[in-house]
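Residue numbers (the numbering used here): 25 to 233.
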């Protein structure tokens with residue numbers, strides 16, 4: 025298949041063919057285009073249902089840190105194997121695509137997998153053999169990372185990532201009693217060591233000037 029196209033330099037027609045090699049997008053859009061939800065539990069579209077947050081190079085001292093890295097546990101696991109294109113295609117082949125109605129999450133969503141649908145890209149005959157199907161836009165990631173870090177250390181209301189839910193996660197994962205909270209009470213949140221006080225913020229602004 026292709027499109028009849030005129031080559032002005034040769035003054036002749038030829039059959040032009042195009043192929044979608046990959047997508048370039050930020051992380052939320054990665055989830056929409058790949059159809060693997062990147063939000064919440066099992067949010068990694070590479071590790072998939074084996075998603076875990078603690079994969080460090082073997083020999084890294086943090087792997088044995090049972091206080092600041094993983095609470096009461098030495099981390100010995102390796103990163104999970106990456107599924108190839110054919111394995112992924114088989115796992116979604118019976119799911120509905122976005123153009124099929126009614127569209128609802130496939131059985132097992134959120135417990136066994138995070139597939140929201142079957143991406144229409146799997147209809148492309150070469151999609152299973154693509155080494156890289158989705159790429160991340162570095163520009164967006166750099167900006168988002170900077171914004172998140174800056175807003176957190178400056179403790180900007182409504183934008184900081186140091187919130188009640190984050191503190192609850194810290195209590196589950198790490199042994200850091202100095203920043204744990206009591207129940208669902210935001211007022212129990214103490215100032216974290218990674219947030220700046222007024223004098224420290226002033227020094228940052230003076231340095232920036």
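Note that the Cβ used here is the ideal one computed from N, Cα and C, for glycine as well.
Asked                                                                                                             : Found
Straight-line Cα distance separating residue 76 from residue 212                                                  : 29 Å
Residue 163 in three-state terms, based on DSSP                                                                   : helix
CA-to-CA distance, residue 40 to residue 27, given in whole angstroms                                             : 5 Å
Between the CA atoms of residue 196 and residue 72 - distance to the nearest angstrom                             : 22 Å
Residue 33 and residue 143 closer than 8 Å at C-beta                                                              : no
C-alpha gap between residue 170 and residue 185, whole angstroms                                                  : 12 Å
Of the listed residues 106, 105 and 91, nearest to residue 99 (C-alpha basis)                                     : 91
Outcome for residue 84 when other beta-carbon atoms lying within 10 angstroms are tallied against a minimum of 16 : exposed
Continuous alpha helix (DSSP H) stretch holding residue 221: start and end                                        : Looking at the DSSP string, residue 221 is not in any alpha helix (DSSP H), and its letter there is neither H nor E.
Local Cβ density within 10 Å of residue 93, reported as buried at 16 or more and exposed below that               : buried
DSSP beta-bridge partners of residue 48                                                                           : 159
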